[in-house]
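Mapping of the sequence shown onto UniProt numbering: position 11 corresponds to residue 11, and the numbering continues sequentially without gaps.
Think of the CB as a built atom: it goes at the ideal place given N, C-alpha and C, for glycine as much as any other residue.
Below: one structure, written as structure tokens.
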Amino acid sequence: MQFLHGYYEPTLLILYEPLRTWPGRLAVRQDTCCILALSLNLQQRVHPIIWSFTNLPFDCTKVLAVPKPIGGVLIMAVNALLYLNQSVPPYGVSLSSFTDFSTAFPLKSQEGVKLSLDCAQACFLNHDRLVVSLKGGELYVLTLFNDGMRSVRNFYFDRAAASVLTTCMTLCEDGYLFLGSRLGNSLLLYYTEKADDVEEPSKKEEKTDGDVSDPPAKKKKMDVIDDWIASDVALIDPDELEVYGSQTMAAKQITSYTFEVCDSLINIAPCGKVCMGEPAFLSEEFTQTTDPDLELVSTCGYGKNGALCVLQRSIRPQVVTTFELPGCVDMWTVMGPCARKPEEKKESPDQGTEEKTGESAPLINTHSYLILSRTDSSMILQTGQEINELDHSGFSTQSPTVFAGNLGGDGRSYVLQVCPMGVRLLDGTRQLQHIPLDVGSPIVTGSLADPHVLIRSRDGLVIHLTLRGDPASTGCRLAVLRPQLTAVKSKILSICVYKDMSGLFTTQYQEPEEPAKQEKSSVPAKEVVEPYTNGTLDDEDELLYGESEDDPLGREASQIPVKEALPNKGNVFEVKEVKPSYWVFVARENGVLEIYSLPDYKLCFLVKNFPMGQKVLVDSVQVTASSAMKSGDKDKAHESMPVVHEILVVGLGLQHSRPLLLARVDEELLIYEAFAFHETQREGHLKLRFKKLNHDIILRTRKFRSQKPENEEEKLMTNQQWLRPFGDISGYSGVFLCGNRPYWLFMTSRGELRYHPMFIDGPIHCFAPFHNVNCPKGFLHFNKQGELRISTLPTHLTYDSPWPVRKVPLRCTPHFVNYHVDSKTFCVVTSQPEPCTQIVRFTGEEKEYELLERDSRYIFPVMDKFSLQLVSPVSWDTIPNTKVDLDDWEHLTCLKNVMLSSEGTSSGMKGYLALGTNYCYGEDVTSRGRIIILDIIDVVPEPGQPLTKNKIKIVYSKEQKGPVTSLTQVVGFLLSAIGQKMYIWQLKDNELVGVAFIDTQIYIHSMVTVKNLILVGDVFKSVSLLRYQEASRTLSLVSRDVRPLEVYAVEFFVDNSQMSFLVTDSEQNLLLYMYQPESRESCGGQRLLRRGDFHVGSAITSMFRIKCRLGDLPKQDRRLAASIDGRQIVMFATLDGSLGYILPVPEKTYRRLLMLQNVLVTNIPHYAGLNPKGFRTCQSQRKLLGNPHKNILDGELIWKFMHLSFMERNELSKKIGTSVTQILDDLLEIESYTAHF
């Protein structure tokens, strides 16, 4: 359905097929599609049919309304393209020779074009040009030639580029085209028109003959143009050109387009198969953990967008070196005097500012000193080529340091050191100034925004220091100021000084259009990636993946002049230069957050009840009443208020244009983002508000009964600075969150806040960025054992995604991926489409190939050619000489690691790779398949090729009586589903000997085993449970589900001694079955009982089991650890690219969280008013007797409890008769058991 252009009333065009047909029935019934146009008269509520047309080709798929001045519609059929308009006869072209016999519609053959518009997407660029993306990702620009009568008389196809397989496309604004893809990365393309010169036809002729890559259609068109135009165009009078416009117009319209990639959105869907593997680059410091360290690898994409996705949930730093330095409580890195202005270092890293300097160019802004603070002293280390301790320097070493940083710019970087009783200003190691400060209590923290520093004492007294040039001497001096912040008001708990670069912090009233322009800073023009040259198609990486593999952060900006690249200045949001302003954020004990302007300390914003975590922070105007409250009431009011431990305001994103306010309140982290709000009436107050950003970070740690009460060290840690901003670590900027559960918070120029845990090193006390010759753009951190680690962030992963991810392009469709533990390699099965020009006929056992001879415009079908290859997880390159090609027409149906009994090993078992295949010759030929058993052996690698240490040895490969659809192992034997039977084989002397068999249902495609139990999934007939008895060598059916069900995947669900069976189906449900012979409805155990169901909303085709993660639980609670050890998580990946897990929980936890889930359904607003309870109920098209069993909690909904404010949490927990801490402990427990990868 489409609305048409050029009508007075809304006119809707509908494409429909009243009588259906299909390709096999075309001889009897063809041309079945019709269109009709309805005029919608909304006043009189009448909708007359104003135009209809019948007998269109049966394969019409899409309607596009042609904009004015041409009007009418384009109808895309699979093999034809039609233009229809109400008042003129139709015009259609055939795009391949299929139309000769598939339709009687009059079509003109489009010369030199052989393509199919099946699955094509299209979008108009202007009134007579549209971009068409074909099934294989080719981008064509289609030009419509119209004559004077508003009618199209010709089409012209120009192949512009090859890009991603497109699911949808839209024009964002002039010059920008968005290609959305389900199978690859979605891209934002920038297109430019390259007009061919009409002025010099002679030159054009030469070009045409010389340029072989042009399609013949283009050549023909140009020759025609040559005949029209006078031989010397300069002699034609300009007025004449206007009169005889249509012909020269036709010449001018042939323009080619170039497409360049501006940006891409990473996509890991569809995840067909997912498996666990071990990361290749794990620093040896992290290998002694109790839990295995794993990563997820999944297949994704299709065709040339095929890739492997390597997913890690937590960040694993690459450790350069480790020092033992016990007793350190905090640290800072500062730059020395030779460094450049520190602000330049903080430039956002993602704007293509990666320095492309060679090895010889020295690093700029390196950190010269590392200041370590102990409880009673400080230690100063000089960091150059090596790290040395400085004994004699201007730094204070006799007392602890509470804060340090760099002040002053322009070639001189002064170091500021704040101690509990004084402040020092140094130029390198030379002391410039020492200010002793005795303010009644020791100084505990500081905050710096060059040239302002604010320091706070334990009793909440604030002192303001400013760096000023000293005219008396050549150096600089600190000016001390005591701001009057503590007159009558409550004690100050935390301060933060902020330098605003976003322009949001303003007290002036602006016109409403202004702020929008400023905030929406789109990617600046200079960032367009180098233009894509549409010469050879080998260079498709850019247009396929949006970025090349080596450089995940985006290329160096290409030198396109801004004016040329962006002609439409009106719509483009410019990144304006903003004059920086300075602000102080003050959090008080009574829950008030104040913002003062610097340096005049004018109160510009005040929030009451800040620690309560409201959704929006609003400026409270009635200040006077609150401060005049009686002191007695005042104390009571904030006793129940959560305590603010620290606040941090930091500008992230593109050119620091996104101010974030982070606050650590009790054991929670609040994150707010500022947004412009110009309706504030109050004069001189900030015209903004803060919106809460939701996140799932849990800061609290689990409390065990055996644990000792909090000691001094831990108390000291909560008062410390946990929020550490960084400007450039491996090209990313953001905030590091220390504590027991450390997290990284990143924001790139795309402006999405990402948070990733780093639990691998346990609790982290302090953190500092470290830019050094031996560790460029790295960082330092202290763990609980007092080890100082110097590390870098691995750059092969992209962190601007929900989980850190790496996409490894394969350029062919991946079907299976499997980790081989013994050789530590991945086995990948891929297929490559090849045109099929022959058919197979069988005479008895003999094959005969018959070659098909067709005309030149015939499009041959494609066949998938399968192959198997080993891939090394070190570099994700394929291992040379390990490719196993399957035969033509042979499809691989399953790939499994199997442990088969073998006399050659001590355990009696040996690991092999088992493959099942099937020959697909067509419906006239009986299906046959092969079982192939491979062994991966270690050999001596070839010199200079360390990857060649693995080879594939084929142990067994023989044809079977039917198609091999699934394989697995059972107690050392190989179990195979062949046709309608299941066989058990024993591998003896490289031969398979039959042991047992059983007849089954229609088509078994998935089997899993535990000990001697076998769970099988049938494509239509649900699941069955089988058992193999070794003593009597029998394979027998134990129980089955009697209802029909289209199974997608099966897996066991284990909780200590209890086992049930998980099944996913075609209607995107997740079902839980149990074998309970003692229950009445199971008919003595013959039927499997459904005990739980849940609608996931995505198709799940791959699942695997993994043990719960214990962490340091065995040290704390041995009994609990023993019960958790037998509990298993089932991880799954969906075809939508989402990952999830199912975890068994104890009855008490289940009841508590079920009540919470029920109150959350009614008490929080849902997107678009949708009901999660209705959505998660099992969906089924078939009417079945029986009610949904539920019994599975919706984790996504329960986690929304974390996003509520403190008041709402208290209210909900009271409703269900429990406490907030109890619920948070339950969530934390689930989180820590499942924190794998």
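Taking the alpha carbon of residue 30 as the reference point, which residue from 38, 36, 19, 37 has its own alpha carbon closest? The residue with the shortest Cα to Cα distance from residue 30 is 19.
Residue closest to residue 1208, alpha-carbon to alpha-carbon, out of 1125, 614, 267: Nearest option by C-alpha distance: 614.
Which ranges would you report for the beta strand (DSSP E) in the segment 128-166 if only whole runs of at least 3 residues count? You should have 129-133, 138-146, 152-162.
Which residues in the same chain as residue 620 place their Cβ atom closer than 7 Å to its Cβ, once the five residues preceding and following it in sequence are excluded? Around residue 620, the same chain offers 606, 607, 608 as residues with beta carbons nearer than 7 Å, after the five sequence neighbours per side are excluded.
Suppose you measure from the CA of residue 90 to the CA of residue 1165; what does that come to, to the nearest Å? Computed Cα separation, rounded: 52 Å.
Would you say residue 903 reaches chain D, if we count a Cβ-Cβ gap shorter than 8 Å as a contact? Checking the listed chains, one finds no chain D in this structure; it contains a single protein chain.
Between residue 61 and residue 78, is the Cβ-Cβ spacing less than 8 Å? If you check the CB distance, residue 61 and residue 78 come in under 8 Å.
Where residue 449 falls: helix, strand or coil (DSSP): Three-state DSSP puts residue 449 in a strand.
Nearest neighbour of residue 695, chosen from 643, 730, 756 [CA to CA]: When 643, 730, 756 are compared, the shortest CA-CA separation from residue 695 is found for 756.
Buried or exposed for residue 378, please, with buried defined as at least 16 other CB atoms from any protein chain shown within 10 angstroms of its CB. Buried: at least 16 other Cβ atoms inside 10 Å.
C-beta contact flag for residue 461 and residue 478 at 8 Å: Cβ distance not < 8 Å, so residue 461 and residue 478 don't count as in contact.
Take the Cβ of residue 244 as the centre, count every other Cβ of all protein chains shown within 10 Å, and call the residue buried at 16 or more, exposed below. In this predicted model, residue 244 has a pLDDT of only 41, less than 50, meaning its place in the structure is not dependable; the value taken from the coordinates is given anyway. Residue 244 is classed as exposed because its beta carbon has fewer than 16 other beta carbons within 10 Å across all chains shown.
Buried or exposed: residue 1181, going by 16 or more other Cβ atoms within 10 Å of its Cβ? Counting Cβ neighbours within 10 Å, residue 1181 comes out exposed, since fewer than 16 surround it.
Quick one: give me the first and last residue of the alpha helix (DSSP H) that residue 1301 is part of. Given a span of 1 to 1237 for the chain in the structure shown, any question on residue 1301 remains unanswerable.
Cβ distance (whole Å) where residue 1035 is taken to contact residue 1065 below 8 Å: Not quite, the Cβ-Cβ distance comes to about 26 Å (not below 8 Å), so this is no contact.
Could you check what DSSP says for residue 8 in three-state terms: helix, strand or coil? Three-state DSSP puts residue 8 in coil, outside helix and strand.
Between residue 1235 and residue 1140, what straight-line distance do the alpha-carbon atoms span, to the nearest angstrom? Cα to Cα, residue 1235 sits roughly 12 Å from residue 1140.
What does the Cβ neighbour count give for residue 830, buried or exposed, with the cut at 16 atoms within 10 Å? Under this definition residue 830 is a buried residue.
Just to confirm, is the Cβ distance from residue 368 to residue 335 under 8 Å? The beta carbons of residue 368 and residue 335 sit closer together than 8 Å.
In chain order, what residues of the same chain lie with their CB nearer than 6 Å to the CB of residue 494, ignoring the 5 residues before and after it? The residues are 587, 644, 646, 647.
Excluding the five sequence neighbours on either side, which residues of its own chain have a C-beta within less than 6 Å of the C-beta of residue 824, listed in chain order? Apart from sequence neighbours up to five positions away, no residue of its chain approaches residue 824 with a beta-carbon distance below 6 Å.
Express the C-alpha separation of residue 678 and residue 513 in angstroms, rounding to a whole number. For residue 513, the predicted model reports a pLDDT of 48, less than 50, meaning its position is unreliable and no value from the coordinates is stated.
The alpha helix (DSSP H) that contains residue 1206, what's its start and end? Taken as a continuous stretch (DSSP letters only), the alpha helix (DSSP H) holding residue 1206 covers 1206-1215.
Terminal residues of the continuous alpha helix (DSSP H) containing residue 394? Unbroken run through residue 394: none, as it is neither H nor E.
Classification of residue 331 by the beta-carbon crowding that lies within 10 angstroms, buried from 16 upward: Buried.
Looking only at its own chain, which residues have a Cβ that is under 6 Å from the Cβ of residue 1082, when we skip the five neighbours before and after it? The residues are 1076, 1089.
Inspect the CB distances between the segment 921-930 and the segment 943-955 and report whether three or more fall short of 8 Å. When C-beta atoms of the segment 921-930 are compared with those of the segment 943-955, fewer than three pairs fall below 8 Å, so the two segments do not count as touching.
What number of angstroms, rounded off, separates the C-alpha of residue 265 from the C-alpha of residue 812? Each residue's alpha carbon lies about 20 Å from the other.
Starting from the Cα of residue 995, find the closest Cα among 134, 987, 735 and give me that residue. Among 134, 987, 735, the Cα nearest to that of residue 995 is on 987.
On the DSSP bridge assignment, give the partners of residue 378 in chain order. Residue pairing from DSSP places residue 378 in a beta bridge opposite 373.
When DSSP builds the beta bridges, which residues end up paired with residue 985? Beta-bridge analysis with DSSP links residue 985 to 974, 994.
Could you give the first and the last residue of the continuous alpha helix (DSSP H) run that contains residue 1195? Note, residue 1195: alpha helix (DSSP H), 1195-1198.
Leaving aside the five residues before and after residue 1291 along the sequence, list all residues of the same chain whose C-beta is less than 6 Å from its C-beta, in chain order. There is no way to answer for residue 1291, as the model of the chain reaches only from 1 to 1237.
Beta-carbon separation (whole angstroms), residue 1053 vs residue 964, contact threshold 8 Å: Rounded, the Cβ-Cβ distance is 27 Å, inconsistent with contact.
In terms of residues, what are the limits of the alpha helix (DSSP H) holding residue 1157? Boundaries of the alpha helix (DSSP H) harbouring residue 1157: 1147-1163, taken from the DSSP string.
Check each candidate in 985, 1200, 966 and name the one with the smallest Cα separation from residue 979. For residue 979, the nearest C-alpha among the options comes from 966.
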